[in-house]
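Quick notes on the structure that follows.
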Amino acid sequence: MKKSAILVGVKLPSIPDFDQSFEELDNLALACDYYVVKKVTQTLSTSKNDYYIGSGKVDEIQAMVEETGATTVIFDTELTPVHIRNLEEKLDAEIVDRTMLILQIFETRAKTKEAQLQVALAKAQYMLPRLIDNTLQRGRIKAGKGSKGKGEQQLELDKRRYRTSISRYRRDLKEIVEARRVQRLKRDRDGMFSVALVGYTNAGKSALMNQFLTLSHRHQKKVLEKDMLFATLQTSTRRIQLHPMISFLATDTVGFIRRLPHHLIEAFKSTLEEVKDADLILHVVDVSDPHYSEQIDIVDDILIQLDTEKIPKLYVLNKIDIIKKPQGLIPYNHVKISALKGNGIPNLILKITEYLLEDYHPVNLSIPYDQSHLLDGLKKDGIILETEYGESVIRVTVAFLDHKIQPYEHFIDSANLH
Ligand SMILES: Nc1nc2c(ncn2[C@@H]2O[C@H](COP(=O)(O)OP(=O)(O)OP(=O)(O)O)[C@@H](O)[C@H]2O)c(=O)[nH]1
Ligand SMILES: [Mg+2]
């Protein structure tokens, strides 16, 4: 049965994008399978000590809980353990804050070992300080001031348990990341160009990945695309074959959102390692969203945190099938597409190919006829641009990735080097 929830938003001067954030809270609640029965907002200059919101507002929400039978009250902010405890006692409902809500979504959907570890790590890091506060308060009340009561002994045990779990999760994650790094190194040896799809959640990254897979005739390798926040929870990498000789690796990633809990960013950094190693970043933007300009800034900020400034970046303005004209700033280096309908995809492929070909260098080879079997290898190792059958040799112009040239060095036509 769906749980029913009341959403609470507090307009504070420190949250200038309150409206968008509160609108997103609705979708986050939906993605977490809550049924939203009421929404309440309050404008304050600062948050309050006891309940975060004013006590009059708490009474109002208490009446709503009674009237609607809501099981949960969700706040669009990060609450302190004291706020949570006070609110829970007063409202007799489960209190969830924005961070916990996002963690819950990730927790219920994480399927792979890696995603599960990342969520467990983020949750344990979020819980540790809260656990300390909560238990301390209760321990003190029971044991009386000054004495070290049962509550505090329990607290010591719990703290140790959480710390042990945190280091175990970190160690296990490190092993998975290391295994993937080795896999990546192997791929690098094959000289594959890699393209990372990043962007705000629901922008259409997975839909674009699926367009690439369609082009590549690899329908069976399609990824989940869905109108839901955080549909993708782990990166997946697929080989995209554009042409018998031109292929690249595309990596679909987890979407970003405003005010993403920093424990989650930390935990997901290992997943996003793939982005750091990309040769090209496609920043996918849903330009049909009226707030897309801010979403671009949010994603670009996280990309900076991930140390990816040196990687070339192309903005892919998506969902042009549902708007006449984007209502915001247009980044300089961009292409417009519809990942749903396929508009603009050939142009995007052309752009990707331009970046990809920058790594290729044309070389003229003169191959004697008795070595003509080398042509088969050349077709695999490079892109043949021109072939001319001369009297004693076959002249071939081939575009190579640098590390692929070595077996053919002997045949480089020194007179004709570009
Ligand atoms: N109209 C329209 N809808 C699109 C387009 N691209 C994607 N969508 C829809 O937008 C929704 C989200 O698409 P996804 O590809 O799952 O988005 P994502 O960026 O992977 O999202 P997360 O994995 O949740 O971060 C889906 O319902 C898609 O069908 C487009 O070009 N036009
Ligand atoms: Mg996705």
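If you read the sequence shown in my numbering, its first letter stands for residue 111, the second for the next number, and so on.
Backbone N, C-alpha and C fix where the C-beta goes; we use that ideal spot for every residue, glycine too.
Limits of the alpha helix (DSSP H) - the one that residue i falls within
i: Lys553; result: Not covered by the structure: residue 553. The range shown for the chain is 111 to 528.
i: Leu460; result: 455-468
i: His373; result: 372-378
i: Tyr145; result: No alpha helix (DSSP H) contains Tyr145, which is instead part of the beta strand (DSSP E) from 144-153.
i: Ile194; result: 191-201
i: Leu140; result: 128-141
i: Asp387; result: No alpha helix (DSSP H) holds Asp387; DSSP gives it neither H nor E.
i: Gln415; result: 402-415
i: Gln481; result: Where Gln481 is concerned, there is no enclosing alpha helix (DSSP H), given that its DSSP letter is neither H nor E.
Backbone CA spacing between residue i and residue j [nearest angstrom]
i: His108; j: Ala225; result: A query on residue 108 cannot be resolved here, the shown segment of the chain reaching from 111 to 528 and no further.
i: Asp202; j: Ile125; result: 28 Å
i: Pro517; j: Asp411; result: 44 Å
i: Phe303; j: Gly179; result: 55 Å
i: Lys284; j: Lys223; result: 12 Å
i: Leu265; j: Lys435; result: 57 Å
i: His329; j: Ile430; result: 24 Å
i: Phe132; j: Lys200; result: 23 Å
i: Leu325; j: Pro456; result: 10 Å
i: Val508; j: Leu416; result: 36 Å
i: Thr345; j: Leu382; result: 8 Å
i: Ala360; j: Leu307; result: 7 Å
i: Tyr499; j: Tyr470; result: 24 Å
i: Ala173; j: Ile194; result: 18 Å
i: Ile494; j: Leu488; result: 7 Å
i: Glu404; j: Arg505; result: 54 Å
i: Ile116; j: Ile163; result: 14 Å
i: His327; j: Val409; result: 31 Å
i: Ile205; j: Gly166; result: 18 Å
i: Gln95; j: Ile276; result: Since the first and last residues shown for the chain are 111 and 528, residue 95 lies out of range.
i: Thr153; j: Phe128; result: 10 Å
i: Leu211; j: Asp399; result: 23 Å
i: Arg369; j: Thr209; result: 9 Å
i: Arg271; j: Gly309; result: 36 Å
i: Met319; j: Ile432; result: 20 Å
i: Asp523; j: Asp491; result: 18 Å
i: Ile367; j: Leu467; result: 33 Å
i: Gln198; j: Glu177; result: Per the sequence shown, the amino acid found at residue 198 is Glu instead of Gln. If you take the alpha carbons of Glu198 and Glu177, they lie about 17 Å apart.
i: Lys315; j: Tyr479; result: 48 Å
i: Arg291; j: Asp387; result: 10 Å
i: Lys336; j: Glu419; result: 29 Å
i: Arg278; j: Glu188; result: 26 Å
i: Leu475; j: His513; result: 16 Å
i: Tyr425; j: Val445; result: 6 Å
Outcome for residue i when other beta-carbon atoms lying within 10 angstroms are tallied against a minimum of 16
i: Arg299; result: With a pLDDT of 49 at Arg299, under the threshold of 50, the modelled position of this residue cannot be trusted, and the question is left open.
i: Gln321; result: buried
i: Lys371; result: The amino acid at residue 371 is misidentified as Lys; the sequence shows Pro. With 16 or more Cβ atoms within 10 Å of its Cβ, Pro371 is classed as buried.
i: Ile184; result: buried
i: Asn159; result: exposed
i: Gly452; result: exposed
i: Val229; result: buried
i: Val175; result: buried
i: Leu334; result: exposed
i: Lys233; result: buried
i: Asn312; result: buried
i: Thr218; result: exposed
i: Ala317; result: buried
i: Asn428; result: buried
i: Ile447; result: buried
i: Gln263; result: exposed
i: Lys112; result: exposed
i: Ile406; result: buried
i: Gln437; result: exposed
i: Gln214; result: buried
Element boundaries [beta strand (DSSP E), containing residue i]
i: Ala509; result: 503-511
i: Lys489; result: Run containing Lys489: none in the beta strand (DSSP E); it sits in the alpha helix (DSSP H), 484-491.
i: Glu204; result: 204-207
i: Phe185; result: 182-185
i: Val333; result: Segment: none, Val333 is in no beta strand (DSSP E) and carries neither H nor E.
Residues that residue i bridges to, as DSSP identifies them
i: Asp396; result: Asn428
i: Asn474; result: Thr507
i: Ile447; result: Its beta-bridge partners do not exist; DSSP assigns none.
i: Thr497; result: Val506
i: Asp362; result: Leu307, Ser346
i: Tyr236; result: Note: Tyr236 sits in no beta bridge, so no partner.
i: Ile356; result: His353
i: Gly119; result: Thr151
i: Lys269; result: Paired residues: none, contrary to the question.
i: Lys423; result: Ile391
beta-carbon residue i near ligand 3 non-hydrogen atom, thresh 7 Å
i: Ser448; result: This structure lacks ligand 3; the ligands present are ligand 1 and ligand 2.
Ligand 2: which residues have Cβ under 7 Å from any of its heavy atoms, chain order? Those satisfying the condition are, in chain order, Lys315, Ser316, Val333, Leu334, Glu335, Ala341, Thr342, Asp362, Gly365.
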